[in-house]
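Working notes for the structure below.
4 protein chains.
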Amino acid sequence: MQFDVGVFGATGYAGREAVRLLSAHPAARVAFTTGRATGHLSHEEGLARPADAYLLALPHGVSGSYAETLRASFPAAAVVDLSADLRLPTAAEYATWYEHQPPAPALLGQAPYGLTELNREAVRGARLVANPGCYATAMALPLLPLFAASLIADDVIVDAKSGATGAGKGPREELLFCELADDFSAYAPGRSHRHIGEVEAALFAATGRRPSLTFCPHLLPVKRGILASLYVRSEHPAAAIREAIAARYAGERFVRVVDAPPRLSDVAFTNDCLISVHDGGPGRVVVFSAIDNLGKGAAGQAIQNLNLQLGLPEAQGLVSSGSVADVKSSTVPWGLRRDGSSAPKPPGGVK
Amino acid sequence: MQFDVGVFGATGYAGREAVRLLSAHPAARVAFTTGRATGHLSHEEGLARPADAYLLALPHGVSGSYAETLRASFPAAAVVDLSADLRLPTAAEYATWYEHQPPAPALLGQAPYGLTELNREAVRGARLVANPGCYATAMALPLLPLFAASLIADDVIVDAKSGATGAGKGPREELLFCELADDFSAYAPGRSHRHIGEVEAALFAATGRRPSLTFCPHLLPVKRGILASLYVRSEHPAAAIREAIAARYAGERFVRVVDAPPRLSDVAFTNDCLISVHDGGPGRVVVFSAIDNLGKGAAGQAIQNLNLQLGLPEAQGLVSSGSVADVKSSTVPWGLRRDGSSAPKPPGGVK
Amino acid sequence: MQFDVGVFGATGYAGREAVRLLSAHPAARVAFTTGRATGHLSHEEGLARPADAYLLALPHGVSGSYAETLRASFPAAAVVDLSADLRLPTAAEYATWYEHQPPAPALLGQAPYGLTELNREAVRGARLVANPGCYATAMALPLLPLFAASLIADDVIVDAKSGATGAGKGPREELLFCELADDFSAYAPGRSHRHIGEVEAALFAATGRRPSLTFCPHLLPVKRGILASLYVRSEHPAAAIREAIAARYAGERFVRVVDAPPRLSDVAFTNDCLISVHDGGPGRVVVFSAIDNLGKGAAGQAIQNLNLQLGLPEAQGLVSSGSVADVKSSTVPWGLRRDGSSAPKPPGGVK
Amino acid sequence: MQFDVGVFGATGYAGREAVRLLSAHPAARVAFTTGRATGHLSHEEGLARPADAYLLALPHGVSGSYAETLRASFPAAAVVDLSADLRLPTAAEYATWYEHQPPAPALLGQAPYGLTELNREAVRGARLVANPGCYATAMALPLLPLFAASLIADDVIVDAKSGATGAGKGPREELLFCELADDFSAYAPGRSHRHIGEVEAALFAATGRRPSLTFCPHLLPVKRGILASLYVRSEHPAAAIREAIAARYAGERFVRVVDAPPRLSDVAFTNDCLISVHDGGPGRVVVFSAIDNLGKGAAGQAIQNLNLQLGLPEAQGLVSSGSVADVKSSTVPWGLRRDGSSAPKPPGGVK
């Protein structure tokens, strides 16, 4: 099966990554792209183009109304919105966290939240999916099984560090090479960060619990990757926390528990989320969660969702680094597996 | 007054920074340096050279015995040991955290812990000073007034990020440019990190309280700087925490409370520690503390201590970025003040 | 068709890249890897393993004798040696440039020089191929058609800049992150650099001319990529130089002439060599040539050669960035094409 | 003596560096700064402020008319214009290279070209100085003595690499961290680059010869520094070229000939220009010239000129790295000497 896909916002970092991944996807054909540079359609032209699928990598506040138009014009098409416009379930929650009205209120609650490993079946049947944010993905994946099993207390501290593609491509002075290189700092500390709203809503929907997150994002002088360092309180030892996460994702290709703290380089250019768990002293456990913010945190997960919506193998066209056991000690230490090939290729000759 | 100083270990990053700072110090004359490259004395040759002062920037486990020799040979000289060998008060504590016997047990407890703003008077009268570690400096400065006034609970989470000079200059594969660039990760999570022992001992000596630290160091792809993100529990609002820290360091040139989260670039090449305080949600306060790990975290603080030991102005030869109010809004936004000049130079013409 | 391949030296940067590429190669199965870390075979174990193909990514001076052993043990297997050991045609030339005797003198002149676009037919029939060096590849590709048609004078200046993976993974102080970051310099200027010997031999073999190269390599604070800036003297205008290169590589997928000076990011993670040509003032033309030193400069070209040796499509498993016209102005600007898929996927919807 | 100085354009990289240097200058008092951020005066306000000296770090095309105003309002004040507006001797030459009319034609030829080591006496007597560009400084210093003594042929190739502060602080997409990091390329190749005009005019004025430069600038992923690799033709050996440059700058503190190719880190944060000379094959010599583009290439040289205009010691407030012999082999390898202190501090104890 082949499918035609239009990518809106292909000049931004997430849209560009989507095009890059789709170009290597065995079933995808990029039918058109929209953007602000020569060679791209205008967004309006794109809205008139029939296709099997659409990826919306447009700014927050704009994307939602495009989703509405596409739903109306091409009801059979699969649409994934990478913006935040459709992630919250109600207009009230949206207004609380974003401090303005949602751009597409009628669609709120209509599009499943595309954290694939959480909502796989809902995504499979949906025409429109709200793709999660990068921070929320990194946080929610380890926290979901812990809250679901009531293994940890409600107050969780998340010290998150993101590469600069997460801040977008708009030319702002503070994002210049000469400003960011050699530097590091937190931003937006203590403010009600919209990512808190998104992840709390997702955790509540899935577990019925409303955690109390302290969330501090930091900006790294790297291009790609998020490392979230989570400090949780628990009566259980780190081993039990680790086991709960590992059990929850036992069958998953892209979410894996590893022994050593994951590095950004372990997940760069992949769709993986690597998680490690460590003792943090009495009553305290430390959990690290690493993703590529453009991969599992944006374009990769969007394609993972699109695959499901279109009835394709979920991992088709996506890259995984293999288990970290492989990464650290196998004969194919850095081998990347690009799915879509017929069968796994287990390395032979392992001692 | 002029003084002659010998620098041991001048080929390492801390020793090199010490030489750089001393070369611009109006009263200092670098009498000799030791190190493993052409043009340096051997350590043994250095031990036989009379001087007014010595800085020991040698590896842990080696430095302490050099301090003993210098104390015996030149009892009138001022000595600052930048290693960890003399920082803990007892051999038992040393053995607990370092898992081997201390190299100079007779000196333990004899050298004041040179966190200058804490132990200024003891440093002034001492011939031998144990210079604090970089992580401990970044953590202890904001925590001291909070524990002293019992404003926070004992369990403190420290998510610390350090530049790579903190890992030293020994050629190890994991410190290669091609390994570190574009990357980021935690290391030694959950293990009883020796920096915990150092900071807990300092806090206990100063406040009588023994905190319970969860300490996670991360390695940044930058050369210089430490940012420690501290998550404390408190019944008091962030404003009260901020005020307590500001009041404690009201007269200090190098330790200052600022409004926005400090950047590494704010403290790079300075002797400053910049601290900011933010609301972290119910019962939670976030404190950021930034230093240059080679400045206030090593060579800068060593010279600050040396100045006191020699009866010189404490800030002589050291660089401060000015108050952040200056940095952000004055007419001399990035002006660095190098002390030792006769008088402050207030910028004129401020609107 | 599937083939089993053993990779020697898989812990180095070139060997690691080879494993990464082979893991995504639709016909390749990595049968074993050798290296100095857990999970790899020893080199000796590898020499006893039958396979369809072998890649030797071992240090210069070691690799050649492994090639001899493999040729003797498995005469039907395809072998590509990525080292410099077999690149020069005679022991005399080897001794001139390397200042010691060649490790495998009997093989000199037996293995075709695997600059694929130059020696495609020889490579196709060979069991053993000498893979070119990264600098030589970047220089030789633009120079070959110019010398062949006698369009330029013999004296050519090559100002080359390489990413740090080109310096290898051995832990040396000058390759530490804290030494290389923020820095830049030339190295080995004016000395008879072995890359000159390699490229002069290749040009002589192909064109009968012996150029007089001034070659200055510089080390960039980036991981991947080589940009060679070539300054040639010519009576012909830049347009004629450009046309000659473009005509020579008209049918080539991986060697392409572009309008703007190529960036390292245009070729990173690809097997491409992008070349641009510019007027340099009276009688002078400037040619830029960019490759990924680990791609076309090492592992990529090795697999390109291996494909030919094994009768597979030459581009299988390799990545191209598409024409620069695409890169700059098409609807799929950054789309990477990974060959091995059934058919090209022309982007639709171009305005 | 103390002097009051106003800095125009203090929010740009050159202006910011000027303020940083002046803040550590023992005789300078920053009277005011102008710029586009809170805390700075507007440019118009600055023009009305009396001061002893002014530094104009404003964009090309704007700066010249400010120089005119200041000359008229405060004829006794010393003014250094860091822009290109006053560097060319005639309006015709200006129009040729800049393709528009000069902003202050009446001042052309009135302000000496402030390449200090070339025009020291003219600068000393001038109220207005045209500060050289960074590329021109790096090129002209080694070329001047070679053309003056007719040691080299007219055709010179300059392959220059600059840090990104040279591209300014205006937020443009191509200067974003995510665009520049890990990347490298040439820009403006083959076009008549304005820096050629500047350096050719300076060389003609000083030597009566008009060279034919091929000049290719490249953009490095570093903040500070320029390395110019010059390829000259000469009948003389490299040793004679080296000797000619060394003899010309024998008494100079900031321009020095060194043995190994200079690194950007050798000159970063200094006012130095380090030059090395190497054999480049028959009839060819390679010359490397390294400066900090914000130091000797902009703010540092501006202050060097200002010192002369004001009758102060030329090196006051400026930093030198010491001779490279010191840097590589003395007991004070990385010692920076900040002038203004009473006397040199020779390191003792050298073996």
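Residue numbers (this note's numbering), protein chains in the order written: chain A, 35 to 385; chain B, 35 to 385; chain C, 35 to 385; chain D, 35 to 385. The beta-carbon is built from N, C-alpha and C at its ideal position, and this holds for glycine as well.
- Looking at the backbone, the Cα of R276 (chain D) and that of G73 (chain B) are separated by about 25 Å.
- An exposed status is given to M35 (chain A), since fewer than 16 other beta-carbon atoms sit within 10 Å of its beta-carbon.
- Within chain B, A215 and D216 have C-beta atoms less than 9 Å from the C-beta of D216 (chain D), given in sequence order.
- Contact with chain A is absent for P137 (chain B), since none of that chain's Cβ atoms lies less than 9 Å from the residue's Cβ.
- Chain A places a beta carbon closer than 9 Å to that of R206 (chain D), counting this residue as a contact.
- L178 (chain A) and A272 (chain A) have their C-alpha atoms roughly 16 Å apart.
- By the neighbour-count definition (other C-beta atoms within 10 Å, threshold 16), H134 (chain C) is an exposed residue.
- The alpha-carbon separation between Y88 (chain A) and T304 (chain A) amounts to approximately 21 Å.
- A direct Cα-to-Cα measurement between G49 (chain C) and T199 (chain C) gives close to 11 Å.
- Take S299 (chain A), set aside five residues on each side of it, and no residue of its chain has a beta-carbon closer than 7 Å to its own.
- For G202 (chain A), the three-state secondary structure derived from DSSP is coil.
- According to DSSP, D115 (chain B) shares a beta bridge with B:L90 and B:A164.
- Chain B has no Cβ within less than 9 Å of the Cβ of Y169 (chain A).
- When rounded, the separation of the alpha-carbon atoms in Y221 (chain A) and A194 (chain A) is 10 Å.
- A contact between stretches requires three or more CB pairs, one per stretch, nearer than 8 Å, and the region 141-159 of chain A fails this requirement with the region 200-212 of chain A.
- Here F303 (chain B) carries a coil assignment [DSSP, helix/strand/coil].
- At least 9 Å separates the CB of F37 (chain B) from every CB of chain C.
- Spatial neighbours of P84 (chain D) in its own chain (CB-CB distance under 7 Å, excluding positions within 5 residues in sequence) are listed in chain order as F108.
- Annotated three-state conformation of T45 (chain A) is coil, per DSSP.
- Taking the CA atoms as reference points, L247 (chain B) sits about 13 Å from F238 (chain B).
- T67 (chain A): member of the beta strand (DSSP E) spanning A62 to T67, first to last residue.
- Per the DSSP secondary-structure output, T248 (chain A) pairs in a beta bridge with A:I191.
- Against chain C, the CB of V301 (chain B) has no partner CB under 9 Å away; the residue lies outside that interface.
- A straight-line Cα-Cα distance of about 51 Å links L92 (chain B) and A182 (chain A).
- Within chain C, the residues D216, D217 and F218 have their CB atoms less than 9 Å from the CB of G259 (chain D), given in chain order.
- Nearest C-alpha to V163 (chain B) among B:H312, B:S97, B:L253 and B:A126: B:S97.
- In terms of beta-carbon proximity, L92 (chain A) stays away from the interface with chain D, with every pair separated by 9 Å or more.
- Counting C-beta atoms within 10 angstroms of its own C-beta, R297 (chain B) has 16 or more neighbours from the protein chains shown and is therefore classed as buried.
- Counted as a single uninterrupted DSSP element, the alpha helix (DSSP H) harbouring I279 (chain D) occupies residues A272 to R282.
- Its chain contains A138, A140 and L141 as the residues whose beta carbon lies nearer than 8 Å to that of E102 (chain A), once the 5 sequence neighbours on both sides are disregarded; these appear in chain order.
- Setting aside the 5 residues that flank it on each side, T241 (chain C) is surrounded in the same chain by F181 and A182, each with a C-beta closer than 6 Å to its C-beta; the list follows chain order.
- Residue burial annotation: S263 (chain B) is buried, with at least 16 other C-beta atoms found within 10 angstroms of its C-beta.
- According to the DSSP assignment, L237 (chain C) belongs to the alpha helix (DSSP H) that extends over R228 to T241.
- Taking 8 Å as the Cβ-Cβ cut-off, the region 248-275 of chain D approaches chain C at T248, C250, H252, L254, P255, V256, K257, R258, G259, L261, S263, Y265 and A272, given in chain order.
- The shortest C-alpha to C-alpha distance from S355 (chain C) to any of C:V319, C:V292 and C:E79 is the one to C:V292.
- Per DSSP, L264 (chain B) lies in no alpha helix (DSSP H); the unbroken beta strand (DSSP E) holding it starts and ends at I260 to R267.
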